[in-house]
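Numbering (the numbering used here), first residue to last: 206 to 662. Heads up, the beta-carbon is just placed ideally off N, CA and C, and yes, glycines get one too. Keep in mind that this is a model prediction, so the values were computed, not measured.
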Amino acid sequence: MSRKTLNHLCMLLLLTLGCFSLMLPSNAADNIQISAARVWPAADYTRITLETSKPVTHHLVMLKDPERLVLDLDEVELGPTLKSLSEKINANDPYIRQVRVGNFKPGVVRIVVDLKAEIKPQVFSLPPAGDYKDRLVLDIYPAQDPLMAMLEQRGKPETAETPLPELQVAPESPVISSVNPDVSTDAVPAPKPATPGAPATVPTAPSAVIAPSINKKADPRMITIAIDAGHGGEDPGAKGAKGSYEKNVTLAIAKKLKVAVDAEPNMRGVLTRDGDYFIPLHGRVVKARKMQADLFVSIHADAALSAQAKGSSVFALSETGATSAMARLLAQKENQSDLIGGVSFDVKDPYLARTLLDLSQTATINDSLKLGKSVLDHVGTMNTLHKRQVEQAGFAVLKSPDIPSILVETAFITNPDEERKLNDNAHQDKLVSAILSGIKKYFAANPPLAKTRVVER
Ligand SMILES: [Zn+2]
206 MSRKTLNHLC
216 MLLLLTLGCF
226 SLMLPSNAAD
236 NIQISAARVW
246 PAADYTRITL
256 ETSKPVTHHL
266 VMLKDPERLV
276 LDLDEVELGP
286 TLKSLSEKIN
296 ANDPYIRQVR
306 VGNFKPGVVR
316 IVVDLKAEIK
326 PQVFSLPPAG
336 DYKDRLVLDI
346 YPAQDPLMAM
356 LEQRGKPETA
366 ETPLPELQVA
376 PESPVISSVN
386 PDVSTDAVPA
396 PKPATPGAPA
406 TVPTAPSAVI
416 APSINKKADP
426 RMITIAIDAG
436 HGGEDPGAKG
446 AKGSYEKNVT
456 LAIAKKLKVA
466 VDAEPNMRGV
476 LTRDGDYFIP
486 LHGRVVKARK
496 MQADLFVSIH
506 ADAALSAQAK
516 GSSVFALSET
526 GATSAMARLL
536 AQKENQSDLI
546 GGVSFDVKDP
556 YLARTLLDLS
566 QTATINDSLK
576 LGKSVLDHVG
586 TMNTLHKRQV
596 EQAGFAVLKS
606 PDIPSILVET
616 AFITNPDEER
626 KLNDNAHQDK
636 LVSAILSGIK
646 KYFAANPPLA
656 KTRVVER
């Protein structure tokens, strides 16, 4: 071989290597950036969300003695946002003792979650929605019945007249890779605990969402109103021109409505959520049924492209199709909550499937329409009405087979004047008082049937 040929071969080899090195994934510039790390303070479960520049490939493995969860993320950049995750864990978190984040090996970031108890994890991706980019969601549920564990911890509600079918909210097999169980978690150094000396015991039940908070004299027939603040957590709902989020406005109004309902001698209010976190739509229905609610009232704020659109509306479920194109579009929009807020596709929902077939639905819809009319009449005395009659469409959150259920679009958050009112304390009070008057008038005309058991307070 001549020297010239050798030189050519060397050149070729160098060029080839150069091309290969460009294609290697370890190139830091190509790594996925984490732009936000959020920890949601839900009572039912703990959710960690990572917002990413593109979808992330991940591997999850559960380890015992002590209980911990290892989540490996491929081709992710270990930046300050991801490193800050450790500091965002609340010392009182019911499940998480601490989170450690570090580079496990080139191109792989490892998140180790040290746990306080046995848990059931769910990891899934959410596509970009609204202001959010791609998201990787890690939900940490208690090991027993994921959705309802909280309720069972807090004193059992009355035995249902019709037993609920078995809920299968837990995934049959969480996404657990067959990684060598000896996989080292020591690659990630343990940071100092946020509060040195803080007890590592599992705290008592988190703040009550649905448990009654006020003791009242025994009443033969306590009426339970389930109050549902629309949206929450990863699902902000509609956004106002001045930046208000529907999820915050609905929570403020729902909390006020609970206080007003609790002040009635024969009523108690139960909230489906009492903080800024996401609950799947069917989870709201299940909670209301579990508490044997007599009514379900879902609070929302409407949105429109035109800033002029204004007024309140009230909706009930339709089995046969929407009463107007607007109602159909609105139901589609509100039903997107699960998509935006994040429901794992592993979650099975036999309950809702059965609900749709329930024959008692028609009678319940008639009651929902009466309730809706009564609430609409009272809201109409304090705010403009967007529609003068109760509209109907296929709202997922209104699908209880036996609980009259309405959805109140309190006002248009996209109308600057109504956005201001929705955030105004005095206006919220007026709205709450109008909704409660509507509920009371409904019960005056349609007294609740006796239940087989007296409600215990
Ligand atoms: Zn809404």
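- Rounded to the nearest whole angstrom, the C-alpha separation of residue 433 and residue 503 is 4 Å.
- The beta carbons of residue 430 and residue 474 sit closer together than 8 Å.
- Straight through space, the alpha carbons of residue 279 and residue 472 are spaced by roughly 53 Å.
- Residue 436 has its CB nearer than 7 Å to a heavy atom of ligand 1.
- Secondary structure remark: continuous beta strand (DSSP E) runs of at least 3 residues inside the segment 220 to 304, in chain order: 239 to 245, 251 to 257, 263 to 268 and 273 to 279.
- Checking the 7 Å criterion, the Cβ of residue 539 is within range of a heavy atom belonging to ligand 1.
- In terms of Cα proximity to residue 285, the closest of 573, 241, 567 and 318 is 241.
- Contact between residue 274 and residue 326 holds: their C-beta atoms lie close to 6 Å from each other, under 8 Å.
- The three-state reading of DSSP puts residue 487 in helix, counting H, G and I together.
- The count of Cβ pairs closer than 8 Å, one atom from the segment 293 to 301 and one from the segment 251 to 260, reaches three, so the stretches are in contact.
- In the DSSP assignment, residue 460 falls outside any beta strand (DSSP E) and within the unbroken alpha helix (DSSP H) covering 451 to 467.
- A direct Cα-to-Cα measurement between residue 466 and residue 617 gives close to 25 Å.
- Uninterrupted beta strand (DSSP E) stretches at least 3 residues long and entirely within the segment 319 to 352 occur at 324 to 331 and 339 to 347, given in chain order.
- Around the C-beta of residue 344, 16 or more other C-beta atoms lie within 10 Å, and the residue is accordingly described as buried.
- Residue burial is scored here from C-beta neighbours: residue 277 has at least 16 other C-beta atoms within 10 angstroms and is therefore classed as buried.
- When rounded, the separation of the alpha-carbon atoms in residue 590 and residue 522 is 19 Å.
- Going by DSSP, residue 535 is part of the alpha helix (DSSP H) stretching over 530 to 540.
- Taken from the Cβ of residue 526, every heavy atom of ligand 1 lies 7 Å or farther away.
- Fewer than three beta-carbon pairs drawn from the segment 528 to 536 and the segment 571 to 587 are found closer than 8 Å, and the two stretches are therefore not classed as touching.
- The alpha carbon of residue 548 has as its nearest neighbour, out of 330, 592, 566 and 453, the alpha carbon of 330.
- At least one heavy atom of ligand 1 sits closer than 7 Å to the Cβ of residue 443.
- Relative to ligand 1, the beta carbon of residue 591 is positioned no closer than 7 Å to any heavy atom.
- Distances taken from the Cβ of residue 505 to the heavy atoms of ligand 1 include one shorter than 7 Å.
- Taking the CA atoms as reference points, residue 452 sits about 6 Å from residue 442.
- Measuring C-alpha to C-alpha distances from residue 270 to each of 320, 612, 428 and 572 identifies 320 as the nearest.
- Annotation: residue 567 is outside any beta strand (DSSP E); the continuous alpha helix (DSSP H) that includes it extends over 566 to 584.
- A straight-line Cα-Cα distance of about 11 Å links residue 594 and residue 580.
- DSSP places residue 505 in the strand class (E or B) of the three-state scheme.
- In summary, residue 491 is buried, with 16 or more beta-carbon neighbours lying within 10 Å of its beta-carbon over all protein chains present.
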